[in-house]
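Residue numbers (my numbering): 101 to 294. Even for Gly, the Cβ is constructed at its ideal location relative to N, Cα and C.
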């Protein structure tokens, strides 16, 4: 088993410049080459799913099968309230940029360094649905039925766009179904990778 921290995350060094999903995918591909790993089975969660979609849609994907849980990459549905908040942020930022940075955005976003914020914006604003039709590797999407970070409509879009993919909903689970019901999640994974 191989697990690693993406650059700028976990115990890895901070980023010196903003990265996109494509940058993370290329860095991951380079690491897999250095470790001489090919045809591996992949389990990826949330942001890791974004990177996986880029890698899986390439002509020479480095994985033989992929289980993507709580996979991000489909744009969220934005309502009037969200658009009003963004408009207010942009207006306030013109006159009081420091106040705007402290007052608007999620707690997670406000906790990021300036470079990480730029990466965050690049990453969350990229629609990865154009990658889906090119995926030929077997993919199983596993989502919690109560996931609010990557809700069921995103799971449906990923599944519908990925040829031959499967979709499993874990009842009673949120974004971290592998933690909430590890035995069931592991049983689903074992069956898929068997």
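Please go through the same chain and pick out, in chain order, the residues whose beta-carbon is closer than 8 Å to the beta-carbon of residue 132, but skip the five residues on each side of it. Indexing the chain shown from 1 puts residue 132 at position 32. 138, 140 and 162.
Just checking my contact of residue 272 with residue 238 at CB under 8 Å: how many whole Å lie between their CB atoms? As a first step, residue 272 is located in the chain shown; it is residue number 172 there, counting from the start. As a first step, residue 238 is located in the chain shown; it is residue number 138 there, counting from the start. Not confirmed; about 27 Å, so no contact.
Output the residue ranges of the alpha helix (DSSP H) runs that lie fully inside the region 171-201 and measure 4 residues or longer, sorted by chain position. 180-195
Leaving out five residues on either side along the sequence, give the residues of the same chain with a beta carbon under 7 Å from the beta carbon of residue 127. Locating residue 127 in the chain shown gives position 27, counting from the first residue. Answer for residue 127: 107, listed in chain order.
Leaving out five residues before and five after residue 192 in sequence, what residues of the same chain have Cβ atoms less than 8 Å from its Cβ? Taking the chain shown and counting its residues from 1, the one referred to as residue 192 is at position 92. Contacts found: 199, 200, 203 and 204.
Determine, using beta carbons only, whether residue 142 and residue 158 come nearer to each other than 9 Å. For this step, residue 142 is matched to residue 42 along the chain shown. For this step, residue 158 is matched to residue 58 along the chain shown. Contact: no.
Quick check: the region 220-229 against the region 238-254, are there 3 or more CB pairs under 8 Å? no
Rounded distance between the beta-carbons of residue 167 and residue 289, thought under 8 Å: Within the chain shown, numbered from 1, the residue matching residue 289 stands at position 189. Within the chain shown, numbered from 1, the residue matching residue 167 stands at position 67. Contact holds; Cβ gap of about 6 Å.
Given a cut-off of 9 Å, decide if residue 227 and residue 174 are closer than it, judged by their beta-carbon atoms. Residue numbering aside, residue 174 sits at position 74 when the chain shown is read from its first letter. Residue numbering aside, residue 227 sits at position 127 when the chain shown is read from its first letter. Result yes, Cβ atoms of residue 174 and residue 227 sit closer than 9 Å.
Between which residues of its own chain and residue 112 is the CB-CB distance below 6 Å, once the five residues before and five after are set aside? What you label residue 112 is simply residue 12 of the chain shown in a count that begins at 1. Result list for residue 112: 105, in chain order.
Would residue 282 and residue 216 qualify as a contact pair, given that the criterion is a beta-carbon distance under 9 Å? For the purposes of this step, residue 282 is taken as the residue at position 182 of the chain shown. For the purposes of this step, residue 216 is taken as the residue at position 116 of the chain shown. No, Cβ-Cβ distance for residue 282 and residue 216 is not below 9 Å.
How should residue 180 be labelled, buried or exposed, when 16 other C-beta atoms within 10 angstroms of its C-beta is the threshold for buried? Translated into the one-based positions of the chain shown, residue 180 becomes position 80. Residue 180 comes out exposed.
Own chain residues within Cβ distance below 6 Å of residue 274, not counting five before or after: What you label residue 274 is simply residue 174 of the chain shown in a count that begins at 1. Closer than 6 Å at the Cβ level, and outside the excluded window around residue 274, lie 244, 246 and 247.
Cβ shell of residue 235 (< 6 Å), same chain only, five flanking positions each side left out: Position 135 of the chain shown, counted from the start, is the residue given in the question as residue 235. Exclusion of the five residues before and after residue 235 leaves 156, 157 and 262 as the residues of its chain whose Cβ lies within less than 6 Å of its Cβ.
Residue from 146, 123 and 120 whose Cα sits closest to the Cα of residue 278: Against the chain shown, residue 278 aligns to sequence position 178. For residue 278, the nearest C-alpha among the options comes from 146.
Residues in the same chain with beta-carbon distance under 8 Å from residue 285, minus the five sequence neighbours each way, listed in chain order, please. Indexing the chain shown from 1 puts residue 285 at position 185. Once the five neighbours on either side are set aside, the close Cβ partners of residue 285 are 169, 242, 270, 277 and 278.
Based on the DSSP secondary-structure assignment, which residues constitute the bridge partners of residue 165? The residue given as residue 165 occupies position 65 in the chain shown. Per DSSP, 141.
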